[in-house]
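In this note's numbering, the protein residues as written are 14 to 285.
Structure representation (structure tokens):
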């Protein structure tokens, strides 16, 4: 008996060690891939700067421009304006998209009505929403918000609807057999199955929001990071435009890791 227990413990320890070795190998591969990608981009950038000046600034000139932007107050002012627009559009689009996606996923009649509209909305290019919002409302900030929400909501609806329809229907039948109340069924059966798709929808909505908000600001707004990049480009100050774009992209990537990675670990903890 003692030998069997010892053998089981040794087997569990061996599997744990193998799992740690595998995770370490995966992390090393990811770090190596990231390093190679960054080096490749820098090498390509260097050669493009050598043969396409002044349209492609050198890495050193861009770094100096980034330092100058970070040392000035105007960059932070524009960043706050863009962040306000981004967060408002992201929260609105996510809440509206998740709500509609859940309803469409559960209701066959709602799906029959919304499916063609969702397909049409997914096919419309983002600049079209911006143009129609400006024509209908004007070039004010409200038009930008509406264009952002309209461009993002269809993608969120589609992700959530697909997840709802892919849920385990047998769990719904089991809840009916045991007469589990609808509220407890939704909380303990439906929500855990939707958490991965909700996280995916939120991350996708955030990623799409900060890309489209730059486009909206460049086309319609006098302030913000998008307007700043467009003005630099209009004045042929390419190194300032690229420096501002890089700073914004880096900040958005950091924000995504700070916001979504901890939330994902916390919400998906039940799986482990």
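Heads up, the beta-carbon is just placed ideally off N, CA and C, and yes, glycines get one too.
Item	Value
Rounded C-alpha distance that separates residue 22 from residue 32	Residue placement at residue 22 cannot be trusted, given a pLDDT of 48 that sits under 50; what the coordinates show is reported in the next sentence. So the two alpha carbons sit approximately 15 Å from each other.
Selected residue, minimal CA-CA separation from residue 95, among 157, 218, 254	157
Candidates 215, 51, 70: closest to residue 273 by CA position	215
Where residue 137 falls: helix, strand or coil (DSSP)	coil
C-alpha distance - residue 249 paired with residue 99, whole-angstrom precision	27 Å
Residues near residue 146 by beta carbon distance below 6 Å, same chain, minus five either side	156, 159, 160
Residue environment, residue 70, which counts as buried when at least 16 other CB atoms sit within 10 Å	buried
Three-way DSSP call (helix, strand, coil) for residue 187 in this model	helix
Extent of the continuous alpha helix (DSSP H) run through residue 84	Counting along the chain, residue 84 falls outside any alpha helix (DSSP H), and DSSP gives it neither H nor E.
Helix, strand or coil at residue 198 [DSSP, three-state]	helix
Residue interval of the alpha helix (DSSP H) (run including residue 223)	204-233
Length of the line joining the Cα atoms of residue 187 and residue 121	21 Å
Residues near residue 75 by beta carbon distance below 6 Å, same chain, minus five either side	252, 255, 256
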